Amino acid sequence: MYCTSLDYPFLQQHQRVSYLQILRRAAFGGFFLIAFVLEVEYAPPQYRNRVGTAFHFMTSVGMSTVAIWGVLFKQWKWYAFALAIPPTIMLPVCYFFLPESARYYLGKGEDEKALAMLQKVADMNGKEIPEGCKLFEEYDEKSI
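Number 93 in the numbering used here belongs to position 18 of the sequence shown; there are no gaps in the numbering.
Pasting the structure below:
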């Protein structure tokens, strides 16, 4: 998603720019929702409202600074390149430092890692996972 932003200043055909813009917009909606849910999920309960508000506030600030970037960069190619730099830097940082969610591990069939992740979240929130807690229940085909 973010790598396509770096291509904008170097593209010469309008169709390619439009195609990449459609890809970015489609990916951004899902990315925004996932980032918000993960951020609030890992926050302690007493700070979840503040964390959620800060997430939306920083998004609004980021969108507002786009106008400032437009004043600083008069040519659209440099403007597009400048807007692509921060997310391109943040993508690898988030990739290496943000943990996977328990849902991801369950989807991959890695129950041990999912339980370890839930235990970590429970510890951060000062809670305990009940003994004998099942991550999921197996169903036979007749009950579905």
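Just so it is clear, CB atoms sit at the ideal spot from N, CA and C, and this is done for glycine as well.
As the structure is a computational prediction, the values presented were derived from the model and not from experiment.
G127 carries a helical assignment under DSSP once its states are collapsed to helix, strand and coil.
DSSP places G182 in the helix class (H, G or I) of the three-state scheme. Its chain contains N200 as the residues whose beta carbon lies nearer than 7 Å to that of P120, once the 5 sequence neighbours on both sides are disregarded; these appear in chain order.
Around the C-beta of Y180, 16 or more other C-beta atoms lie within 10 Å, and the residue is accordingly described as buried. When DSSP states are grouped into helix, strand and coil, G207 belongs to the coil group. The straight-line gap separating the alpha-carbon atoms of A177 and K195 is approximately 10 Å. With contacts defined as CB atoms closer than 7 Å, E114 and F130 qualify as a contacting pair. The closest CA to that of K188, considering only E175, D198, T134, is found on E175. Each of I97, G145, T134 was checked against the Cα of L108, and the nearest Cα belongs to T134. For Y154, the enclosing alpha helix (DSSP H) begins and ends at 151-172. Contact between V141 and L166 does not hold, since the beta-carbon distance rounds to 19 Å and is not under 8 Å. Ranked by Cα distance from L190, the options C208, V112, T128 are led by C208.
Residue state for E116 is assigned as helix, using DSSP reduced to three classes.
Put simply, the backbone Cα of W151 is about 48 Å away from that of D198.
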